[in-house]
Amino acid sequence: MKYDALIVIDMQTALVNAHPYNEAGVLAGIRSLLERCRASGVPVIYVCHDGGPGDELELGSPGWQVATPIAPEPGEKRFDKHFNSAFRQTGLHEYLQQMNAKQLILCGMQTEYCFDVSCKVAFELGYEATIARGTTTTFDNDFATARDLTRYYEEKIWANRYAQVLELNEVLSRLKGNESS
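Per the UniProt record's numbering, the very first residue in the sequence shown carries number 1; after that it's consecutive.
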């Protein structure tokens with residue numbers, strides 16, 4: 001399998017510092033994806049939410065920055081968004097079209113908000129998305145635990161509908177196919 005881009009969604013300092021579900025595991029999984037993609041020449045793209053003036057995710061604020069353990073390297077592309085979709089009015093779709101990208105790996109947060117919307121919009125735009133289990137996260141809410149939400153979306157919403165949901169090791173193994181090109 002040849003992947004065209006890794007898209008990291010909303011893994012920003014303010015959100016990660018709030019300690020989402022499986023924080024250490026998700027960061028480690030995303031770090032593994034980043035390392036393999038960079039080694040394989042797969043472009044890494046970050047999408048970050050700008051919550052506007054006074055928000056903890058205000059553009060340029062400390063909370064808006066990508067979390068340190070998975071920070072961008074020089075030259076990696078970043079898109080800022082004002083909506084739940086990584087694609088709405090961000091330029092991401094146009095950028096991916098210029099790259100002739102079709103096969104995407106998606107990771108990040110929040111499972112049931114921006115990540116879910118971005119996954120579904122990617123599908124609607126014709127991209128084939130892959131999600132590695134354990135590389136999305138969210139928070140507990142009044143209706144469900146973050147663990148249950150993440151499992152539900154991986155198994156019942158995204159899998160075989162909007163994306164392939166695979167074990168992390170399988171995605172890492174498939175990325176080796178990019179190394180030989």
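Just so you know, even glycine gets a beta-carbon here, dropped at the ideal spot from N, CA and C.
Inset, instruction - Please state if the CB of V47 and the CB of K102 are separated by a distance shorter than 8 Å. - result: Residue mapping note: residue 102 aligns to position 102 of the sequence shown, counting from 1. Residue mapping note: residue 47 aligns to position 47 of the sequence shown, counting from 1. Result no, Cβ atoms of K102 and V47 do not sit closer than 8 Å.
Inset, instruction - Pull up the distance between the alpha-carbon of I37 and that of N178, whole angstroms please. - result: Locating residue 37 in the sequence shown gives position 37, counting from the first residue. Locating residue 178 in the sequence shown gives position 178, counting from the first residue. In the sequence as presented, Ile is not what sits at residue 37; that position holds Cys. Using only the alpha carbons, I get a separation of about 8 Å.
Inset, instruction - Measure the beta-carbon distance from I105 to V171 and round it to whole angstroms, keeping in mind my assumption that it falls under 8 Å. - result: The residue given as residue 105 occupies position 105 in the sequence shown. The residue given as residue 171 occupies position 171 in the sequence shown. Right, their Cβ atoms sit about 6 Å apart.
Inset, instruction - At 4 residues or longer, and completely inside the region 122-158: list those alpha helix (DSSP H) runs for me, N to C. - result: 146-152
Legend entry - Top-ranked residue by Cα proximity to L175, from Q12, P43, E154: Within the sequence shown, residue 175 is the residue found at index 175, counting from 1. The option with the nearest alpha carbon to L175 is P43.
Legend entry - Residues near E112 in its chain [Cβ-Cβ closer than 7 Å; skip 5 each side]: By 1-based counting over the sequence shown, the position of residue 112 is 112. Closer than 7 Å at the Cβ level, and outside the excluded window around E112, lie T138, L149, Y153.
Inset, instruction - Indicate the three-state DSSP secondary structure (helix, strand or coil) for Q65 in the structure shown. - result: The count along the sequence shown starts at 1 and reaches residue 65 at position 65. DSSP places Q65 in coil when its eight states are reduced to three.
Inset, instruction - Leaving out five residues on either side along the sequence, give the residues of the same chain with a beta carbon under 7 Å from the beta carbon of V66. - result: Indexing the sequence shown from 1 puts residue 66 at position 66. The residues are M11, Q12, Y46, C48, P72.
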